[in-house]
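Residue numbers (the working numbering): 2 to 94.
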Amino acid sequence: MVGAIPRGSVSTYGAVARAAGLPGRARMAGRALRESPKEMKLPWHRVVGAGGKIVFPRTTVNHREQARRLRAEGVVVKAGRVSREAIVDLEQF
DNA sequence: GAACTGACTGTAA
DNA sequence: ATTACAGCCAGTT
C-alpha cells in the first residue's frame with residue numbers, strides 16, 4: 002500500500018499496482034491516489050513514475066508540491082526526478 | 001457499445 | 001537527452 006512506503010523513499014505507480022496484485026494497472030494506481038482525499042493522509046507524493054520521474058509537468062503546483070515534500074523528507078529531487086537510490090520497488094512489503 | 005482520456009511504461013528514432 | 005508511439009486498463013462521454 003502507498004502508506005507502507007517508508008519515509009525518505011519513493012516508489013513507482015507500476016510497483017504500487019503490482020504490490021496491490023494488479024499488474025498493468027499503473028494508471029489505476031494514480032487514479033486511485035488522485036481520487037483519494039488528503040484526509041486519508043496518504044503519502045501520494047512518494048509515488049512517482051517509472052525510473053523515479055515525476056509525472057506532472059514542472060509548471061504545475063502538484064509537481065512543485067510533491068518535489069517540495071519529498072525534499073523535506075530527505076529525498077533528492079532534481080529536474081523533476083528523484084534520485085534512483087531513493088526508489089523502492091515496494092516488493093519488500 | 002464505440003471513442004476518448006489519463007497522477008503509466010517500455011521501446012525506438 | 002528529448003520526442004513519438006504503441007500497448008495498457010478502467011472510468012467517462
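The C-beta atom is built at its ideal place from N, Cα and C for all residues, glycine as well.
Keep in mind it's a predicted model, so treat the numbers as computed, not measured.
May I ask which residues mark the beginning and end of the alpha helix (DSSP H) holding residue i?
i, result
"Glu118", "One cannot answer for residue 118 here, as it falls past the ends of the chain, which runs 2 to 94."
"Ala18", "Tyr14 to Ala20"
"Arg28", "Ala27 to Glu36"
Is residue i helix, strand or coil by DSSP?
i, result
"Val11", "strand"
"Val3", "helix"
In the DSSP output, what is residue i paired with across the bridge?
i, result
"Ile88", "Val11"
"Arg82", "Lys54 and Lys79"
Could you name the residues of the same chain whose beta carbon sits closer than 6 Å to that of residue i, not counting the 5 residues immediately before and after it, in chain order?
i, result
"Arg28", "none"
"Ala20", "Leu91"
Leaving out five residues on either side along the sequence, give the residues of the same chain with a beta carbon under 8 Å from the beta carbon of residue i.
i, result
"Gly31", "Tyr14, Val48 and Val56"
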